[in-house]
Structures are given as structure tokens and as C-alpha cells.
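Enquirer:
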Amino acid sequence: DLDSGIHDEL
Amino acid sequence: MNIFRFLGDLSHLASIFILIHKIQTTRSCRGISFKTQAVYVAVFVTRYLDLFTTFVSVYNTSMKIFFIASSCYILYLMKVRFRPTNDPSIDTFRVEYLVGPCAVLALIFNYGYSVTEVLWSLSIFLESVAILPQLFMLQRTGEAETITTHYLAALGAYRALYIPNWIYRYFSEGYVDPISVTAGLVQTGLYLDFFYVYFTKVLQGQKFELPA
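Next comes the structure, spelled out in C-alpha cells:
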């Protein structure tokens, strides 16, 4: 999920 | 990274090169919506604010820089270099009707109440509808240069390819990004009409013309 807040997609 | 996302990104890159090529070879930005291009600058700038704080990969960073730089360059081509060929009188879609609702959505749906997360969310929602001024213009004029339709097809293919990427990521990593998926489905859906005409006309060698 996105808890880390890192968006790895462009 | 999987093949769908990689091909999607390549398609996105291709669309930008096609657009720049079109403007430079015809020395004209006729048929291109300045409003759509301006929204793309806003999309890239608000989404890639993490450029200075988060490092994913060299690929990721270079693409981000390229998207910001190339979208600004396109605005320069339209507003300075080939300004006389840009006709604002047919680019009449009201962008504020897109930005307002997207801002509200971003405040409701986001992955954290920080400036960067809300702006990231805004950029995702805004991207999903950024093509509307361009499609509206196409609808209004009823025709398009073939090269412009290739640009739009590559741009639509980019988001369409992200859909199998999300399905793949769900099964391989358990990764789900509901904001991107929802907005991505909407964004791809907006191209369906265009794709229909593109496949049935342009790829058969005919001119892109909408029925009167």
C-alpha cells in the first residue's frame, strides 16, 4: 500500500 | 517496473516527441490546445515536487525532469516561438471547471494531509481530465492533422497501458493505488471516442474527420 507516501510511478 | 508500465512510459515519451516534431516541422501549433498543454505543466510540476526529496531510480528522476522540461518547452513554442499560429479563439474550454472540482477531490481523496500529498493527488485528478480542452477543440473543428492524431493516440495509449500495469502489480506485489487507478480509468475512458475514429479512419489511411 501507499503508507510510505512514496509514489514510484510517473 | 513491468513491461506494461515501461511501454506506457515510452508511449508517453513518444507522444511528447511527436508533438514537438509536429510543431517544429509544420512551424505551427495549429490544432493544439494551449490550455491542455498548460494543464500538463501544472500536472508535472505538482506531481514531481518530490524530485528533491525522494529518490526512486535514475530512470524515475530523469523521466520527471524530462516531463517538466518538455512540457515547459511546448508552452514556449506555443506562446513565443510560434505564437502567431496559436489561435485562442477556438481553444475555449473553461479550465477553471476542471481545476476547481479536482482541487476539491484532492482535498477529500489523498494519501496524507501534507502539501506534497494533496498536490500529488491534485495532479493525478487534473491529469485525468487535462485532455478535455484538446478533445473539445477537436470536436469543435471536426478535423485534425494526422500527426496530431498520432500524438493523441500515443498519449491515450500511455494511460491505457498503465491499466494492465496496475493489474500486474496487484497480483505480483499486492500493490494498489486506488486514486491512480480510478483517475486512470477515467482518463483512458475519455479517449474511447477518439480511439474509435483513430482506428477506423486514420489507421486506414483516411483523414481524421468527425461526422458533421
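So the sequence lines, in the order shown, correspond to chains A and B. Just so we're aligned: the first sequence equals residues 328 to 337 in my numbering. Just so we're aligned: the second sequence equals residues 68 to 279 in my numbering. Each residue gets a CB set at the ideal place from its N, CA and C atoms; glycine is no exception. Note that the coordinates shown come from a computational prediction; the quantities given were computed from them, not determined experimentally.
Straight-line CA distance for B/Val123 to B/Val108?
Expert: Going by the C-alpha atoms only, they are around 21 Å apart.
Enquirer: Taking C-beta pairs closer than 8 Å, name the residues in chain A that B/Arg72 reaches, listed in chain order.
Expert: Here the neighbours are Glu336.
Enquirer: From this set, B/Val125, B/Pro168, B/Ser78, B/His217, which residue's C-alpha is nearest B/Ala197's C-alpha?
Expert: Looking at the Cα atoms, B/Pro168 is the closest of the given residues.
Enquirer: So that I know if they touch, is there some Cβ in chain A lying closer than 7 Å to that of B/Val123?
Expert: Taking Cβ atoms only, chain A reaches closer than 7 Å to B/Val123, which makes this a yes.
Enquirer: Opposite B/Ala211 in the DSSP bridges: which residues?
Expert: B/Ala211 pairs with B/Phe275.
Enquirer: If you draw a straight line from the C-alpha of B/Thr128 to the C-alpha of B/Ser95, how long is it?
Expert: In a straight line, the C-alpha of B/Thr128 is about 31 Å away from that of B/Ser95.
Enquirer: Taking only three categories from DSSP, how would you classify B/Cys169?
Expert: In this structure, B/Cys169 counts as helix in the three-state DSSP scheme.
Enquirer: In or out: B/Gly75 buried (at least 16 other Cβ within 10 Å) or exposed?
Expert: Its Cβ being crowded by 16 or more others within 10 Å, B/Gly75 is buried.
Enquirer: So, under 8 Å CB-CB, B/Lys102 and B/Pro200 are touching, yes? Tell me the CB distance rounded to an integer number of Å.
Expert: That pair is a contact at about 4 Å.
Enquirer: Helix, strand or coil for B/Ile19 per DSSP?
Expert: The question about residue 19 of chain B has no answer here: the residues shown for chain B are numbered 68 through 279.
Enquirer: Figure out for me which residue from B/Tyr258, B/Tyr180, B/Gln91 has the closest Cα to the Cα of B/Arg150.
Expert: With distances taken between Cα atoms, B/Arg150 lies closest to B/Gln91.
Enquirer: By Cβ distance, which residues of its chain are closer than 8 Å to A/Asp328, with the 5 residues on each side in sequence left out?
Expert: Residue placement at A/Asp328 is flagged as unreliable, the pLDDT there being 46, under the threshold of 50; the coordinate-derived value follows with that caveat. Closer than 8 Å at Cβ, skipping near neighbours: no residue.
Enquirer: Measure from the alpha carbon of B/Leu222 to the alpha carbon of each residue in B/Phe262, B/Ile234, B/Leu189, B/Arg207, then state which is nearest.
Expert: Minimum Cα distance to B/Leu222 is reached at B/Phe262.
Enquirer: Indicate whether at least one CB of chain A lies closer than 7 Å to the CB of B/Asp154.
Expert: No, B/Asp154 does not count as interfacial toward chain A.
Enquirer: Report the three-state DSSP secondary structure of A/Asp328 (helix, strand or coil).
Expert: Because the pLDDT at A/Asp328 is just 46, under 50, the model does not fix this residue reliably, and the point stays unresolved.
Enquirer: So which residues on chain A does B/Asp158 lean against when the C-beta distance must stay under 7 Å?
Expert: Those within 7 Å of B/Asp158 in chain A number zero; the least Cβ separation is about 27 Å.
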